[in-house]
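Remarks on the structure that follows.
Number of protein chains: 2
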Amino acid sequence: MTMSQSGGRRKPPTIHDVAREAGVSRGTVSRVLNGGHYVSPAAAEAVNAAIRRTGYVVNRHARSLITGRSDSIGFLLTEPQERFFEDPNFNVLLRGCTQALAAHDIPLLLMLAGTQDERRRLTRYITAGHVDGVLLVSSHSGDPVAEQLRDAGVPLVMCGKPIGVGSKVSYVAADDRDGARDMVRHLLSLGRRRIGMVTGALDAPGGVERLAGYQEVLTEAGIELDERLVVSGDYSRASGEAGAELLLERAPDMDAVFVASDLMAQGVLSALHRAGRSIPEDVAVGGFDDSSAALASSPELTTIRQPYDRISSEMVRVLLAQIGGEDPAAVILPTELVKRQST
Amino acid sequence: MTMSQSGGRRKPPTIHDVAREAGVSRGTVSRVLNGGHYVSPAAAEAVNAAIRRTGYVVNRHARSLITGRSDSIGFLLTEPQERFFEDPNFNVLLRGCTQALAAHDIPLLLMLAGTQDERRRLTRYITAGHVDGVLLVSSHSGDPVAEQLRDAGVPLVMCGKPIGVGSKVSYVAADDRDGARDMVRHLLSLGRRRIGMVTGALDAPGGVERLAGYQEVLTEAGIELDERLVVSGDYSRASGEAGAELLLERAPDMDAVFVASDLMAQGVLSALHRAGRSIPEDVAVGGFDDSSAALASSPELTTIRQPYDRISSEMVRVLLAQIGGEDPAAVILPTELVKRQST
DNA sequence: GCTGCTTCTGTGAGCGTTCACAGTAGAGAA
DNA sequence: TTCTCTACTGTGAACGCTCACAGAAGCAGC
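Line by line, the protein sequences give chains A and X. 1247 is the number of the first residue of the first sequence in our numbering; add one for each residue after it. 1247 is the number of the first residue of the second sequence in our numbering; add one for each residue after it.
Take a look at the structure:
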């Protein structure tokens, strides 16, 4: 067979070249390219052979011009830049989405909107139709961007439950409350009774739910809630450190802490070490996420695994469905307790 | 020709609408859009007003179809996926490039090629002309992808010096050797004489240069090189940990270690702690990168700062220049010693 | 007057696709 | 025969833009 050579090639082959090569018309080649219905087996075979021989690749711009679709989707992160630097979760999510989209041969456009200006610029870009849909990640939800995009009719899926409940925006989230429950039950099963908590950001459902799960299990166990044992954080490492210091001050007899993210738990571990507590003997520490931070900590962190791979693949699935005309959907995925050395 | 109005407005305005609105022709609008040369001030003003009034945004697909440019560039990472999860440097680079491109209103397509299959798929995608150029990140260079893209005539800039020296590929890198020299001189200035090293991957210039700098300074200082003091790593946290264990076994009298990346230095710190060494009293530890890992370590890491923000902006600058027809270029940026608690 | 030059403007063509539609061939039914 | 139906194929027109080119207007020099 003829090898596809890379001689003095200047312009790439067009659908016309393929048609001529296969001895058929443009229309037939186009039909083969898009599903292959109403094409005779012989023609399809000839076209495929011609495509292989010429090294033809469809010109996405020409296709987009007529279909009105861009066949690309945006990954929009509306977070201050430090969090993107610091938090491994974004990475995992970004990678998962990129791969899930790659399976559909859809490129991902990375959009980082740390500032107000960037947010405006990107919103305009998106609403101009340059992407077919948006995967939106933002831990402080109640984000105006989400509503703007939804109102502009842009297919949209958020990671984590958005704050406006009935707002008709798709989202995929882990079962935060259930995960929190599992962790606190685990700490109770180890005989701990003075269990503190460093919460996540409480302006978003994720943080609220994890706190609720903690309170729920303690109440069930007949343990009175002690507000000195709860401090709030914002998912950053620094807030974990500060939170632990505050807890030690307020409740020196604390024998366990449930921390709403692994990154914060890293900060908690530092503070506890500094205070001379040994882990898990004096204080057991439980995290949330099972991010790479959990393994990088010493001791390695017992944590609640969020199924990030499934979260990202579900986000993509729901988004593509929505682009295909389906209604917005909410997906809640189960979490899993991962026991390591810190408890 | 009064047929364009038909019920509720669905389609976005085109250049034609703007032209009619401004009372000029398509050509004039196009000229205003692309630089505004050969346009009278009056016409330019009318066009801009019309653009504002109609909310017109150029259709990039139509433009790309005729110009042949896609006005987007790819960020290609050819690394096994674990490294992308683990290493904060990629994040910083990715963010820097995204922002530098955003300033030119150029979207970034994220391309992750962990496997051979993905590499093939993405190479085809790129050579099909779907992006105007590629920012290539790969710590194990000598990457066949780089040569393939270069041979296909795709504008390309690598992060870090590629292994084939005269290979006519643009790259931007920090001055690895000089950084290593600074760090080792710093350790010497603290009175340390038994200085170990955990190297980076030695199949790429970055790792080799850092080792060379280390050897150079020791030799200058009249210290005999001791091969028991050098172990090789691969930039991963685990390899740092293993490396430190090996060093402790081979040279228990070691009083300092220079580690070729912060992430590996984290591993080194763990191993040293476990062995009961106090830092920096017993062993001083110096890292490389000044990534977020340096601050997340305890004690905080003395390290060599790579100017990632400048690296990314230079990569973008060089790439855009190359797309504009300029020759490939190499840029070497200076590093800086950052003193913290680990030395 | 004609010629040349500069600055500005409008027009037709065409980029590579998809889509709607018209057309063909062959099989089966009336 | 003729008509209908199905399975397939080819063709012209878009899609929204840029580019080359032609032309207009103004001005100067001869």
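Ideal placement from N, C-alpha and C gives every residue a C-beta, glycine not left out.
Please state whether DSSP places residue i in a helix, a strand or coil.
| i | result |
| --- | --- |
| R1563 (chain X) | helix |
| L1547 (chain A) | coil |
| V1377 (chain X) | coil |
| S1524 (chain X) | coil |
| R1438 (chain A) | coil |
| G1320 (chain A) | strand |
| D1424 (chain A) | helix |
| L1471 (chain X) | coil |
| S1485 (chain A) | helix |
| L1448 (chain X) | coil |
| S1538 (chain X) | helix |
| V1275 (chain A) | helix |
| V1584 (chain A) | strand |
| T1590 (chain A) | Absent from the model: residue 1590 (chain A). The displayed extent of chain A is 1247 to 1589, so no value can be given. |
| G1399 (chain X) | coil |
| V1463 (chain X) | helix |
| S1286 (chain A) | coil |
| P1553 (chain A) | coil |
| R1366 (chain X) | helix |
| R1431 (chain A) | helix |
| N1305 (chain X) | coil |
| A1292 (chain X) | helix |
Give me the chain X residues within the contact set of residue i, using Cβ-Cβ distance strictly less than 8 Å, ordered along the chain.
| i | result |
| --- | --- |
| Q1512 (chain A) | A1542 |
Going along chain X in order, which residues have a C-beta closer than 7 Å to the C-beta of residue i?
| i | result |
| --- | --- |
| G1375 (chain A) | P1258 |
| P1353 (chain A) | L1355 |
Based on the DSSP output, what are the partners of residue i in its beta bridges?
| i | result |
| --- | --- |
| F1504 (chain A) | A:M1443, A:G1532 |
| E1455 (chain X) | Its beta-bridge partners do not exist; DSSP assigns none. |
| C1405 (chain X) | X:V1383, X:V1418 |
| I1578 (chain A) | A:A1419 |
| S1478 (chain X) | X:T1445 |
| L1356 (chain A) | A:F1321, X:L1354 |
Using the beta-carbon of each residue, which ones in chain A are nearer than 7 Å to residue i?
| i | result |
| --- | --- |
| R1483 (chain X) | A1542 |
| E1332 (chain X) | S1538 |
| Q1552 (chain X) | Under the 7 Å cutoff, chain A gives no residues; its nearest Cβ is about 14 Å from Q1552 (chain X). |
Let me check understanding here. Comparing Cα to Cα, which of the options lies closest to residue i?
| i | options | result |
| --- | --- | --- |
| R1523 (chain A) | A:V1577, A:R1341, A:M1500, A:V1278 | A:M1500 |
| L1358 (chain X) | X:D1449, X:P1326, X:V1338, X:V1463 | X:P1326 |
| A1265 (chain X) | X:R1299, X:R1483, X:R1315 | X:R1299 |
| S1310 (chain X) | X:L1547, X:D1378, X:A1506, X:Q1362 | X:D1378 |
| V1270 (chain X) | X:S1286, X:A1521, X:L1368 | X:S1286 |
| I1261 (chain X) | X:A1288, X:T1581, X:V1304 | X:V1304 |
| D1480 (chain X) | X:F1321, X:Q1587, X:G1446, X:R1365 | X:G1446 |
| L1464 (chain X) | X:V1430, X:A1295, X:I1409, X:G1437 | X:V1430 |
| T1635 (chain A) | A:S1482, A:A1290, A:Y1302 | This structure cannot settle anything about residue 1635 (chain A), because the visible part of chain A is limited to 1247 through 1589. |
| L1324 (chain X) | X:A1346, X:G1375, X:D1389, X:E1267 | Per the sequence shown, the amino acid found at residue 1324 (chain X) is Thr instead of Leu. Out of X:A1346, X:G1375, X:D1389, X:E1267, X:D1389 has the C-alpha closest to the C-alpha of T1324 (chain X). |
| V1514 (chain X) | X:D1508, X:A1490, X:E1527, X:E1495 | X:A1490 |
| G1468 (chain A) | A:D1449, A:R1440, A:P1451, A:V1293 | A:R1440 |
| G1360 (chain A) | A:Q1587, A:V1529, A:D1449, A:T1369 | A:T1369 |
| N1294 (chain X) | X:A1346, X:D1263, X:D1424, X:L1347 | X:D1263 |
| C1405 (chain X) | X:R1586, X:L1583, X:S1558 | X:S1558 |
| G1533 (chain X) | X:L1547, X:S1435, X:A1288 | X:L1547 |
For a contact defined as C-beta to C-beta under 9 Å, what are the partners of residue i on chain X?
| i | result |
| --- | --- |
| T1324 (chain A) | Residues of chain X passing the Cβ test: none, with the nearest at roughly 14 Å. |
| A1348 (chain A) | M1357, L1358, E1364, R1367, L1368 |
At a CB-CB cut-off below 9 Å, which residues of chain A make contact with residue i?
| i | result |
| --- | --- |
| Q1345 (chain X) | Q1327, L1358, G1360, E1364 |
List the residues of chain A whose Cβ lies closer than 8 Å to the Cβ of residue i, in chain order.
| i | result |
| --- | --- |
| S1516 (chain X) | S1544 |
At a cut-off of 7 Å, is residue i close to the ligand ATP when judged by its beta-carbon and the heavy atoms of the ligand?
| i | result |
| --- | --- |
| R1367 (chain A) | Of ligands this structure carries none, so the ligand ATP is not represented either. |
* **Residues of the region 1355-1385 of chain A with Cβ closer than 8 Å to any Cβ of chain X, in chain order** => Cβ contacts with chain X: L1355, L1356, M1357, L1358, E1364, R1367, R1370, Y1371, A1374, G1375, H1376.
* **Residues from the region 1279-1310 of chain A in contact with chain X, defined by Cβ distance under 7 Å** => Flagged, chain order: V1303, R1306, H1307, A1308, S1310.
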